[in-house]
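Following this note's numbering, the numbering of the sequence shown begins with 1 at its first residue and continues without gaps. This report concerns only the one structure given below.
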Amino acid sequence: MTHTSEPASEQNTDAKGNHRKSTAEKREHGKDSAARGKGLHRRKFLGGMAGTGIAAVAAAGGAFSLLNGAAKNKASAADSTLVIPDLLEGTTTDSVTTFTLEAKTGTAEVLSGVTSDTMGYNQAFLGPTMKWTNGDTVLLNITNSLGEDTTVHFHGAHVPPKMDGGPQVAFSDGTTWSPTFTVKDPATTLWYHPHALGTTAKQAVHGLAGMIIVEDSTDASAALPSDYGVDDVPLIFQSLAVDTDGDIKYEAVGYRLSTTTFPLLLNGTNVDSTTLGFTATKTRTRFRALNASPSDIITIQRSDGGTLTQISTDQGYLTEATEVTTIRLVAGARAEFTMDLTADATLQAVVTTGWIRGGSGTYDVLAITASGTDTPDDLPTLNTIDRYDTSDFTARTITLGQSGATMLINGSAGTTMAAMAMISTTVGSKEIWTITNSTQLEHSFHLHDVPYQLISINGEDPTGVQLGWYDTYEVVGGGSIQIAMEFTDFSDDTYMYMLHCHLLQHEDEGMMASLMVTES
1 MTHTSEPASE QNTDAKGNHR KSTAEKREHG KDSAARGKGL HRRKFLGGMA
51 GTGIAAVAAA GGAFSLLNGA AKNKASAADS TLVIPDLLEG TTTDSVTTFT
101 LEAKTGTAEV LSGVTSDTMG YNQAFLGPTM KWTNGDTVLL NITNSLGEDT
151 TVHFHGAHVP PKMDGGPQVA FSDGTTWSPT FTVKDPATTL WYHPHALGTT
201 AKQAVHGLAG MIIVEDSTDA SAALPSDYGV DDVPLIFQSL AVDTDGDIKY
251 EAVGYRLSTT TFPLLLNGTN VDSTTLGFTA TKTRTRFRAL NASPSDIITI
301 QRSDGGTLTQ ISTDQGYLTE ATEVTTIRLV AGARAEFTMD LTADATLQAV
351 VTTGWIRGGS GTYDVLAITA SGTDTPDDLP TLNTIDRYDT SDFTARTITL
401 GQSGATMLIN GSAGTTMAAM AMISTTVGSK EIWTITNSTQ LEHSFHLHDV
451 PYQLISINGE DPTGVQLGWY DTYEVVGGGS IQIAMEFTDF SDDTYMYMLH
501 CHLLQHEDEG MMASLMVTES
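Here is the structure:
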């Protein structure tokens, strides 16, 4: 299933709402990349779907199946090796593990041969991976060397609101923020990124993002690959907007420039015309996929049309390993999957525009060489997920709207803490929310604090991997989702969590509200 969401009023449409080809849409891979089997360029199939919401999603299934059938390539040859983000070592004293991060500026090549001004944690671009263990206490000393205010949000983590890294705890250049908390999350893949008011898109697209791996002692975790960089591999996808001079764009005016292109990066390496290589020394390899793009959608698949074994959604293990042909990640979402590799295979990323303009096309991103000789055991039951009976849950409606270029939640633009709508609840409350998209734009709904279950998606019951736990999920133009959650553990009379669209431009343009959880 594919979907593009571009407002019908934008420059890419004519007076009748028909999609016009932009410069980005005319961009195709060069002859060299085609020779490497970069796959079928799909923009001509997807371009006419802009701004058509639920109907586009329904119609996309057929086109996507046709394209899958046409692109069953052999495994691609690798051009260079996949870069594995460094694993940040913590120091443990008196049962507290301390991690040290510095948000800093630098330069990097986002376009090959062109230098871009960037940001990163402990390095010029992106950040190291942190490993946390369920039940441990962690302390993070995070120094701001950016020359402007920032925050660091632990996306998907169940932590006190004062430690969540929201806009209320922004800290200035030259200062250090030191949140500490006990890790309450089960085994899962989280990530960290900025979350200050009005600057989230700017700072994140310039490179402030990194992965967090949470480990636990369950039988499922013991049965799954866990050797970081060997058979447990991070895949951080970024579909960015960059002009020919290397300037990374984050606002509408920059996205519309004729000189702006939309490169795809994997672990910080441009894969527009490059297939990265990875040698799997174990037969079963686990991949942790994160869509750290500001707005575009990433769909992961095999070039030969084979299956992936999905084991996790945003917020932890599925009940059982599930065979899928594609894994669709909206901005901010994560998933884990394994592959039992008895032959070489190639992973593809299908990029779909999520905002006014963006990336598109199919890319052979990772050529995996199978060299393992072991025979892995069958995977056990991974998790027990008790589905909510929502008959006595408190019901709310959250409306995602817009007024011109201003994005709204429940009619308010959350560009300041005082202006944004606020949801008030209490510890122990069980709630069911209907998230209604009154726009024809793509949105990615993210809730801080606690995970949620999907109860319905555009009026349909969830199935398969949709029965897992989430914190970020797609709400298509004109569509709606129902989600259910229980607020546990943490309350505060001053500090709030956030709920917002994770298309970072929409967040900065006001599509954010606050969540105050107090004692019952």
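Cβ atoms here follow ideal geometry from the backbone N, Cα and C, with glycine treated the same way.
For my contact list, residue 349 and residue 237 are in at a C-beta cut-off of 8 Å; report their separation, rounded to the angstrom. By a beta-carbon distance limit of 8 Å, residue 349 contacts residue 237. Their separation comes to about 6 Å.
Given a cut-off of 9 Å, decide if residue 277 and residue 84 are closer than it, judged by their beta-carbon atoms. Going by beta carbons, residue 84 and residue 277 fall outside the 9 Å limit.
Would DSSP call residue 387 helix, strand or coil? Residue state, collapsed to three classes: coil.
Compare the beta carbon distance of residue 342 and residue 364 with 9 Å and say whether it is the shorter of the two. Not in contact: residue 342 and residue 364 (Cβ atoms no closer than 9 Å).
Would residue 246 and residue 145 qualify as a contact pair, given that the criterion is a beta-carbon distance under 9 Å? Taking 9 Å as the cut-off, the Cβ atoms of residue 246 and residue 145 do not count as close.
Can you list, in chain order, the stretches of the beta strand (DSSP E) that have 3 or more residues and sit fully within the segment 362-430? Listed in chain order, they are 394-403, 406-409 and 422-426.
Residue 465, enclosing alpha helix (DSSP H) - first and last residue: Neither: residue 465 is in no alpha helix (DSSP H) and is coded neither H nor E.
In whole angstroms, what separates the C-alpha of residue 422 from that of residue 78? Between the C-alpha atoms of residue 422 and residue 78 there is a straight-line separation of about 50 Å.
Inspect the CB distances between the segment 383-393 and the segment 311-321 and report whether three or more fall short of 8 Å. Touching, yes.
Might you give, ordered along the chain, the residues of its own chain that have their beta carbon closer than 7 Å to the beta carbon of residue 313, omitting 5 neighbours on each side? So the qualifying residues of the chain are 335, 465, 468, 469 and 470.
Sorry if obvious, but does the Cβ on residue 309 come closer than 8 Å to a heavy atom of the ligand NAD? For the ligand NAD, the structure offers nothing, since it holds no ligand at all.
From this set, 340, 489, 516 and 108, which residue's C-alpha is nearest residue 231's C-alpha? Put simply, of 340, 489, 516 and 108 the residue whose alpha carbon is nearest the alpha carbon of residue 231 is 340.
What residues in its chain sit with their C-beta under 6 Å from that of residue 182, if we drop five residues either side in the sequence? The answer, listed in chain order, is 137.
Could you round the C-beta distance between residue 331 and residue 291 to whole angstroms and report it? I think they count as a contact, below 8 Å. Rounded to the nearest angstrom, the Cβ distance from residue 331 to residue 291 is 6 Å, consistent with a contact under 8 Å.
CA-to-CA distance, residue 493 to residue 359, given in whole angstroms: Using only the alpha carbons, I get a separation of about 42 Å.
Under 9 Å, do residue 301 and residue 325 count as touching if we go by C-beta distance? In this structure, residue 301 places its C-beta atom within 9 Å of the C-beta atom of residue 325.
contact_flag[the segment 266-273, the segment 98-117] where n(CB pairs < 8 Å) is 3 or more: Yes, the segment 266-273 is in contact with the segment 98-117.
For residue 88 and residue 308, what's the separation of their Cα atoms in angstroms? Near 29 Å, if we compare the C-alpha coordinates of residue 308 and residue 88.
So, is residue 239 buried or exposed, given that buried needs 16 or more other C-beta atoms within 10 angstroms? Classification of residue 239: buried, given that the 10 Å Cβ count is 16 or more.
Rounded to whole angstroms, what is the Cα-Cα separation between residue 524 and residue 196? In the structure as shown, the chain begins at 1 and stops at 520. Residue 524 is therefore absent and cannot be evaluated.
What residues match up with residue 104 in a beta bridge as DSSP calls it? Looking at the DSSP output, residue 104 shares a beta bridge with 120 and 145.
Determine contact between the segment 432-447 and the segment 395-402, defined as no fewer than three beta-carbon pairs at a distance below 8 Å. Segments in contact, yes.
Could you compute how far the alpha carbon of residue 200 sits from the alpha carbon of residue 376? One C-alpha to the other measures close to 42 Å.
Fully enclosed by the segment 234-309, which beta strand (DSSP E) runs are 3 residues long or longer? Runs found: 241-243, 264-266, 276-280, 284-291 and 297-302.
Tell whether a beta-carbon distance below 9 Å holds between residue 299 and residue 327. By the CB criterion at 9 Å, residue 299 and residue 327 fall inside the cutoff.
Test: residue 167 CB closer than 9 Å to a CB of chain D: Here there is only one protein chain, and chain D is not present.
Residue 355 to residue 519 span [Cα, whole Å]: Cα to Cα, the separation comes out at about 39 Å.
Thinking C-alpha only, which one of 329, 209 and 372 is nearest residue 283? For residue 283, the nearest C-alpha among the options comes from 372.
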